[in-house]
Every structure is written in structure tokens, then in C-alpha cells.
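Engineer:
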Amino acid sequence: MHASFALKDLNIKSVMLNCNPETVSTDYDTSDTLYFEPIHFECVKTIIQREQVDGIIVHFGGQTPLKLAKDLAKMQAPIIGTPFKVIDIAEDREKFSLFLKELDIKQPENGMAKSVDEAYSIANVIGFPIIVRPSYVLGGQHMQILENIEELHHYLESVTHSLEISPKNPLLIDKFLEKAIELDVDAICDKKEVYIAGILQHIEEAGIHSGDSACFIPSNLSPEILDEIEQVSAKIALHLGVVGLLNIQFAVYENALYLIEVNPRASRTVPFLSKALGVPLAKVATRVMVLEDLKEALKFYDKKI
1 MHASFALKDL NIKSVMLNCN PETVSTDYDT SDTLYFEPIH FECVKTIIQR
51 EQVDGIIVHF GGQTPLKLAK DLAKMQAPII GTPFKVIDIA EDREKFSLFL
101 KELDIKQPEN GMAKSVDEAY SIANVIGFPI IVRPSYVLGG QHMQILENIE
151 ELHHYLESVT HSLEISPKNP LLIDKFLEKA IELDVDAICD KKEVYIAGIL
201 QHIEEAGIHS GDSACFIPSN LSPEILDEIE QVSAKIALHL GVVGLLNIQF
251 AVYENALYLI EVNPRASRTV PFLSKALGVP LAKVATRVMV LEDLKEALKF
301 YDKKI
């Protein structure tokens, strides 16, 4: 919704695709054109061809629109903001692990199991406890913390009834950092500079899905850790080449900082941070996606606060 408002501020007509008629964003005056359709590639493709759009934003609406980026890139659709090659690095576990190693950023030991046998092998190498989750599922579905090989055996028996573990749908396995403190960072980048909007500390320990965990600002961690979080966040955003919003999840374990994952999109914490800070982050990010000028976008909306 705020993205549509930001496009209006730029005198750009917007076309919104929404699959939920109950949301406020479906008000008749929110966007110039509104479609009620499933957020599937074929529907999006038809709308793109019908409306002859000049650009597409996939960074709002969670993981569902972001997953369309690959097919949109294949048809050479003009994605505004963070390009597909950057989205692909962040979303592909193997590519992202290599990216973090190149930047010398710590992450929990992890692996991708492409078969049931490989899941056992990776778990034995990493050591228990582990946290497991299938690829390409939403909202932490089938994510579990496992303490031993017996629990892994029961998990694999249950999950393979509904999901196939294969090269196309690998099982993600990470070393579980017991009693670690989890943090969410929301930032905006224009490939030149980074604005760290906030560092949110989770009340629940790491391992609880962020959708089920309460969080707060400001964090009560040490200034040294907070400074390291800001430096690592900026390093990731700039080296990836993010244009717009990104969400980074960290864990602090035994006074060391570990990176859990990066989402090159708006997260569920952006509305909360926007209210807390008095800065319309989605509007700022949309303006950055179009103009690629972070300073100008922050200045423009700061005048309207």
C-alpha cells in the first residue's frame, strides 16, 4: 500500500496484484489499477502483458512474490530494485554460504540434504542439536529442533509423507545454537550507502520462528555487538548489491555474532519499525528502488513526517 503511495509521489501509475480482498490495500483509491488474482506466475505474466508495465516490484508481500523473480527474470520482465541475480544468491543456500565465506562472516555449521541418506550424513558431521526445515515452505512450516538421531529418524519419516527430499527440494540442516539471542535487522540500501532502520531483539530464544516471537527495540546487547551488527549488515547489503529493503537475521551465541539468513525484501517487522521511528520505510525503499538515491529518499520523506 505504501509502495503505491510512494509511486504516486513520483507521478508513476501503479498496478497492484492482491490475492486477499480483506486487506486495506484493496481500497479503490490505493493504486491506479487493482487485480484480485492468485499470486501465481501465469496470472502475473498475463497482467504484465495486458498492462504493458515498465517495472515490477517483488519486494513487498513476503516470500510469495519474491519466489516469482526467477520466472520473471526468464521472461526478461523489468524487476525494479534488487535484481534477480542478487535475490538468487540470498535465496540459494549453497551460493549464500559461499558468499559469506568470501566476506569472512560467521554462520552456524550447515548443509543441504538432497536425499534422506544425505540428511543422516550431514547431521552426524554437524552434530546435534540441529534445526531442520524443508526448502520453499512459508512461515516455518515443518521446521523443527532435533536433539538426537532418533528424533531425526522420526522427523524424516513424518516429513517425507508430504514432502519429497530431492535436489530440487533439499532439506536445510543447521547447527542449533542453544540459548542464543536472535535479532532482526531491517535496512535500506541503494548500492552506495546503507540506512540501518533498526536492530530488533527477540524475546524468545533463537529457533522460535520470527513470526511467533515477540521482539523489541532498542536492543539491550553491548555497544560492541551492536556496532558489529551494523558493520556486518552494511557489508552484506553493499556486497550483495541490494536496492531497496532487506532483512537480516542474526544470532548472538557465546558472545559471538552468527548470521542466520538474509531476505532481500520487506519483512514483517517493517511496519512496526516505521511506526516506532516515524519513518515510512516502505515509501523510502520504493523511492530508492526507482531513483537509487537513499539520501534523497530519506530527505524527501523526512520533510513529510
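Residue numbering for the sequence shown is 1 to 305, as defined by our numbering. Glycine included, each C-beta is placed from N, C-alpha and C at the ideal position. These numbers were taken from a predicted model, which means no experiment stands behind them.
Quick check on this structure: which residue in 130, 68 and 49 has the alpha carbon closest to the alpha carbon of residue 58?
Structural biologist: To locate residue 58, count along the sequence shown from 1; it is residue 58. Of the candidates 130, 68 and 49, the one whose C-alpha sits nearest the C-alpha of residue 58 is 68.
Engineer: Excluding the five sequence neighbours on either side, which residues of its own chain have a C-beta within less than 7 Å of the C-beta of residue 177, listed in chain order?
Structural biologist: Numbered from its first residue, the sequence shown carries residue 177 at position 177. Closer than 7 Å at Cβ, skipping near neighbours: 108, 206, 251, 253 and 258.
Engineer: When burial is assigned at 16 or more other CB atoms within 10 Å of the CB, is residue 61 buried or exposed?
Structural biologist: The residue given as residue 61 occupies position 61 in the sequence shown. When all chains shown are included, residue 61 counts as buried.
Engineer: Please classify residue 148 as buried or exposed, where buried requires at least 16 other C-beta atoms within 10 Å of its C-beta.
Structural biologist: Mapped onto the sequence shown, residue 148 falls at position 148. Flag for residue 148 reads exposed.
Engineer: I'd like to know whether the C-beta atoms of residue 1 and residue 33 end up nearer to each other than 7 Å.
Structural biologist: Taking the sequence shown and counting its residues from 1, the one referred to as residue 1 is at position 1. Taking the sequence shown and counting its residues from 1, the one referred to as residue 33 is at position 33. Their beta carbons are not under 7 Å apart, which means residue 1 does not touch residue 33 by this criterion.
Engineer: What number of angstroms, rounded off, separates the C-alpha of residue 284 from the C-alpha of residue 87?
Structural biologist: Looking up residue 284 in the sequence shown gives position 284. Looking up residue 87 in the sequence shown gives position 87. One C-alpha to the other measures close to 20 Å.
Engineer: Taking only the alpha-carbon atoms, compute the straight-line gap between residue 304 and residue 42 and give it to the nearest angstrom.
Structural biologist: One-based indexing of the sequence shown puts residue 304 at position 304. One-based indexing of the sequence shown puts residue 42 at position 42. Residue confidence is low: residue 304 scores 45 on pLDDT, short of 50, so the model does not pin down where it sits. No coordinate-derived value is stated.
Engineer: Would you mind stating whether residue 179 and residue 126 have Cβ atoms separated by less than 7 Å?
Structural biologist: Here residue 179 refers to the residue found at position 179 when the sequence shown is read from its first residue. Here residue 126 refers to the residue found at position 126 when the sequence shown is read from its first residue. Cβ distance not < 7 Å, so residue 179 and residue 126 don't count as in contact.
Engineer: Are residue 262 and residue 73 close, meaning C-beta to C-beta below 7 Å?
Structural biologist: Along the sequence shown, read from residue 1 onward, the residue named residue 262 stands at position 262. Along the sequence shown, read from residue 1 onward, the residue named residue 73 stands at position 73. No, these two residues do not count as a Cβ contact at 7 Å.
Engineer: Mapping DSSP to helix, strand and coil, what is residue 303?
Structural biologist: Locating residue 303 in the sequence shown gives position 303, counting from the first residue. Low confidence applies here, because residue 303 scores a pLDDT of 47, under 50, leaving its location unreliable and the question unanswered by this model.
Engineer: So the candidates are 70, 66, 75 and 38; which of them puts its Cα closest to the Cα of residue 49?
Structural biologist: By 1-based counting over the sequence shown, the position of residue 49 is 49. Residue 75 is the option with its Cα nearest to residue 49.
Engineer: Closest to residue 209 by C-alpha separation, out of 151, 97, 144 and 113, would be which residue?
Structural biologist: Locating residue 209 in the sequence shown gives position 209, counting from the first residue. Closest by alpha carbon: 144.
Engineer: Can you tell me whether residue 153 is helix, strand or coil according to DSSP?
Structural biologist: Numbered from its first residue, the sequence shown carries residue 153 at position 153. Helix.
Engineer: Contact defined as beta carbons within less than 8 Å: I believe residue 65 pairs with residue 39. What is the distance between those atoms, to the nearest angstrom?
Structural biologist: Working through the sequence shown from its first residue, we reach residue 65 at position 65. Working through the sequence shown from its first residue, we reach residue 39 at position 39. About 6 Å; that satisfies the 8 Å criterion.
Engineer: Please list the terminal residues of the continuous beta strand (DSSP E) segment that includes residue 112.
Structural biologist: By 1-based counting over the sequence shown, the position of residue 112 is 112. First-last of the beta strand (DSSP E) with residue 112: 110 to 113.
Engineer: In the DSSP output, which residue or residues are listed as bridge partners for residue 258?
Structural biologist: For the purposes of this step, residue 258 is taken as residue 258 along the sequence shown, with counting starting at 1. According to DSSP, residue 258 bridges with 251.
Engineer: Reducing DSSP to helix, strand and coil, say where residue 289 ends up.
Structural biologist: Here residue 289 corresponds to residue number 289 of the sequence shown, with the count starting at 1. Correct three-state label for residue 289: helix.
Engineer: Note down the Cα distance separating residue 79 from residue 292, rounded to an integer number of angstroms.
Structural biologist: Sequence index remark: in the sequence shown, residue 79 carries index 79 (1-based). Sequence index remark: in the sequence shown, residue 292 carries index 292 (1-based). If you take the alpha carbons of residue 79 and residue 292, they lie about 14 Å apart.
Engineer: Is it buried or exposed, residue 216, if we count other Cβ atoms within 10 angstroms and call 16 or more buried?
Structural biologist: Indexing the sequence shown from 1 puts residue 216 at position 216. When all chains shown are included, residue 216 counts as exposed.
Engineer: Does DSSP put residue 2 in a helix, in a strand, or in coil?
Structural biologist: Reading the sequence shown from its first residue, position 2 is the one you call residue 2. If DSSP states are grouped into helix, strand and coil, residue 2 belongs with the helices.
Engineer: Can you tell me the Cα-Cα spacing of residue 17 and residue 36, whole angstroms?
Structural biologist: As a first step, residue 17 is located in the sequence shown; it is residue number 17 there, counting from the start. As a first step, residue 36 is located in the sequence shown; it is residue number 36 there, counting from the start. If I take the Cα positions, the gap works out to 6 Å.
Engineer: Tell me residue 216's beta-bridge partners as DSSP assigns them.
Structural biologist: Taking the first residue of the sequence shown as 1, we reach residue 216 at position 216. BP columns for residue 216 point to 201.
Engineer: Classify residue 202: buried if its beta carbon has 16 or more other beta carbons within 10 angstroms, exposed otherwise.
Structural biologist: Position 202 of the sequence shown, counted from the start, is the residue given in the question as residue 202. Its Cβ being crowded by 16 or more others within 10 Å, residue 202 is buried.
Engineer: Tell me which same chain residues have a C-beta within less than 8 Å of the C-beta of residue 166, skipping the five on either side of it?
Structural biologist: Numbered from 1 along the sequence shown, position 166 holds the residue referred to as residue 166. So the qualifying residues of the chain are 114 and 115.
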